[in-house]
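Here's the structure we're looking at; comments come further down.
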Amino acid sequence: MPDVEIELVGGPRDGERITVPLDGRIPAPHLEMTTVDSTVDGLPDIWRLNYRRDDQPSDDGALWRYRFLSTQKG
Numbered sequence: 027m028p029d030v031e032i033e034l035v036g037g038p039r040d041g042e043r044i045t046v047p048l049d050g051r052i053p054a055p056h057l058e059m060t061t062v063d064s065t066v067d068g069l070p071d072i073w074r075l076n077y078r079r080d081d082q083p084s085d086d087g088a089l090w091r092y093r094f095l096s097t098q099k100g
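Okay, so the sequence shown: first residue is 27 according to the working numbering, each after it adds one.
Below you can see the structure in the form of structure tokens.
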């Protein structure tokens, strides 16, 4: 299974580029990531970040961008 580089647009991870496995010709239309922040009381806050893929890749076809949709706690 090949890998593809994607760029996150908007939200708390704006501009970050990550490599994800590619199953088929194009990456999945939605991406959900889990992130953990530490809190004042020492317990972790867990957040789910939701992104949607652009319909087309970048001009050169090598980079897919995912736009931030929402954040959910828990």
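Glycine is no exception: its CB is placed at the ideal position from the N, C-alpha and C atoms.
Since the structure is predicted, the reported quantities are computational estimates derived from the model, not experimental observations.
Just to confirm before moving on: does the CB-CB distance between residue i and residue j stay below 8 Å?
i, j, result
"V35", "V46", "no"
"R74", "T65", "no"
Identify whether residue i lies in helix, strand or coil by the three-state DSSP scheme.
i, result
"D71", "strand"
"P47", "strand"
"G84", "According to the sequence displayed, residue 84 carries Ser and not Gly. Coil, per DSSP."
Take the Cβ of residue i as the centre, count every other Cβ of all protein chains shown within 10 Å, and call the residue buried at 16 or more, exposed below.
i, result
"L57", "buried"
For residue i, which residues from the same chain have a beta carbon less than 7 Å from its beta carbon, with the 5 sequence-adjacent residues on both sides left out?
i, result
"W90", "V30, I32, P53, R79, D80 and P83"
Among residues of its own chain, excluding the 5 on either side of residue i, which ones have a beta-carbon nearer than 6 Å to its beta-carbon?
i, result
"N76", "E58, L95 and S96"
"D63", "D71"
"R43", "E31 and E33"
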